[in-house]
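In what follows, a structure is listed as structure tokens, so that the remarks can point back to it.
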Amino acid sequence: MPELPEVHTILKQLEPHILNKPIQELYVSVKGQRLIKPRSPGDFSSKISGRKIIMVKRYGKFMVFLLDNEQQIIGHLRMSGRLTYSPKLLKHKHKHLHIKFADNGYLNFIDVRRFGTFHLVSNIGNYQGLQNLGIDALSPALSAEELYWKFQVTSKNIYKALLDQAVIAGLGNIYVNEDLYASSIRPITKARKLSLQEVRQLLVNIRLILKAAISFKGTTLLDKTYLDSAGDTGKFYKRLRVYDREGKPCYKCKTLIKRVRIANRSAFYCPKCQKG
DNA sequence: AGGGGTACCTGCGGGC
DNA sequence: TGCCCGCAGGTACCCC
């Protein structure tokens with residue numbers, strides 16, 4: 628579920644509630660076997676109790692909570708994870724973890740499918756998930772030339788290349804589909820076939836769409852899996868042009884949108900507007 | 001190297 | 001009504 632705009636929204640909303648407050652304890656439900664590292668809730672809890680979160684950062688879809696003793700909690704929401712803040716203990720069927728602060732506030736992790744992870748590390752540089760991460764899609768450090776170069780040295784199609792977090796960090800299925808539609812590129816096009824000019828335009832569209840999605844607090848689909856930290860729906864769903872529109876008319880040319888399976892995921896495109 | 005499949009989970013909607 | 005199937009904003013791991 629959550630891609631860059633959703634993770635960004637959640638962290639921005641949480642920040643004022645969780646920064647610089649002493650942590651009292653960590654609670655993990657018995658179901659959360661794969662959820663945390665270290666695996667022992669007691670171990671995890673004792674290592675962070677008394678500490679404060681002094682900074683929150685996002686790398687792609689990863690969330691990093693920096694503690695005041697230089698430990699970091701690295702979180703990933705995967706498909707259905709949510710984070711909320713509550714001033715009181717929250718009862719919820721799918722709440723698998725919370726951090727209780729000394730002021731009695733709670734940071735809650737809710738996750739229906741239980742794919743999400745929270746890892747406590749002392750050296751962020753050794754964390755595998757971040758080592759393999761490419762430059763963040765919204766980072767000014769990412770240039771069209773670099774992206775073009777990465778496309779030149781792979782034989783992947785552009786759909787898989789954009790989903791590859793080592794190529795560009797932060798995009799997921801919704802925004803990749805929207806980016807390719809906006810750029811008139813078919814998902815199955817080989818990434819290396821794109822000209823530098825086309826990559827420039829693609830990167831412009833990626834950033835425009837991500838920023839617009841952030842301004843709408845992300846995208847919530849019909850199943851309501853994603854809700855922001857305040858429990859609200861992300862209103863960018865109103866702006867989706869191609870994702871989940873199979874069989875519906877293209878907004879530009881009225882041709883019916885097609886769906887193809889690529890690597891067990893659904894790619895949507897307009898067969899007339901998107902060339903390749 | 002990259003494609004494809006599976007696995008990790010729960011829940012929902014559609015078809016029969 | 002109920003069962004079975006496919007599908008879901010992600011990623012890691014296997015085999016060819």
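Note that this note's numbering has the first sequence beginning at 628, numbered continuously upward.
All residues carry an ideal CB built from backbone N, CA and C; glycine is no exception.
To the nearest angstrom, report how far apart H731 and K715 are at their CA atoms.
Residue identity check: residue 731 is Asn in the sequence provided, not His. About 7 Å.
Tell me where the alpha helix (DSSP H) around A771 begins and ends.
771 to 779
Let's test the definition: count the other Cβ atoms within 10 Å of the Cβ of N837 and tell me whether it reaches 16, buried, or not, exposed.
Here residue 837 is Leu; the residue named in the question, Asn, does not match the sequence. Buried is the call here.
Using the Cα positions of D791 and M682, report the straight-line distance between them to the nearest angstrom.
27 Å
What are the residues that DSSP puts in a beta bridge with I663?
F745
Where the beta strand (DSSP E) through Q698 begins and ends:
Note, Q698: premise wrong, no beta strand (DSSP E); not H, not E.
Following the continuous alpha helix (DSSP H) through D806, name the residue where it begins and the one where it ends.
800 to 809
Own chain, CB closer than 7 Å to K968, minus 5 neighbours either side, in chain order:
This structure cannot settle anything about residue 968, because the visible part of the chain is limited to 628 through 903.
If you follow the alpha helix (DSSP H) that K838 is in, where does it begin and where does it stop?
823 to 842
Could you pull out every residue in the same chain whose Cβ sits closer than 8 Å to the Cβ of C900, ignoring the five residues on either side in sequence?
Y808, S811, C877, K879, C880, T882
Is the segment 710 to 727 touching the segment 737 to 754 in the sense that three or more CB pairs, one from each, lie closer than 8 Å?
yes
Own chain, CB closer than 8 Å to L760, minus 5 neighbours either side, in chain order:
Y686, G687, F689, Q792, A793, A796
In chain order, what residues of the same chain have a beta carbon less than 6 Å from the beta carbon of G708, not counting five sequence neighbours either side?
D738, G743
CB of I612 within 8 Å of CB of L734, strictly:
Only positions 628 to 903 of the chain appear in this structure, which leaves residue 612 out of reach.
Spatial neighbours of T678 within its chain, please: C-beta separation below 8 Å, excluding the five flanking residues on both sides.
Here residue 678 turns out to be Arg, not Thr, going by the sequence shown. Excluding residues within five positions, the ones whose Cβ falls inside 8 Å are P649, I650, L694, D695, N696, Q698.
Using only alpha-carbon positions, find the residue among S770, Y654, V691, V748 that is nearest to V831.
S770
Identify whether K889 lies in helix, strand or coil by the three-state DSSP scheme.
Per the sequence shown, the amino acid found at residue 889 is Ile instead of Lys. Strand at I889.
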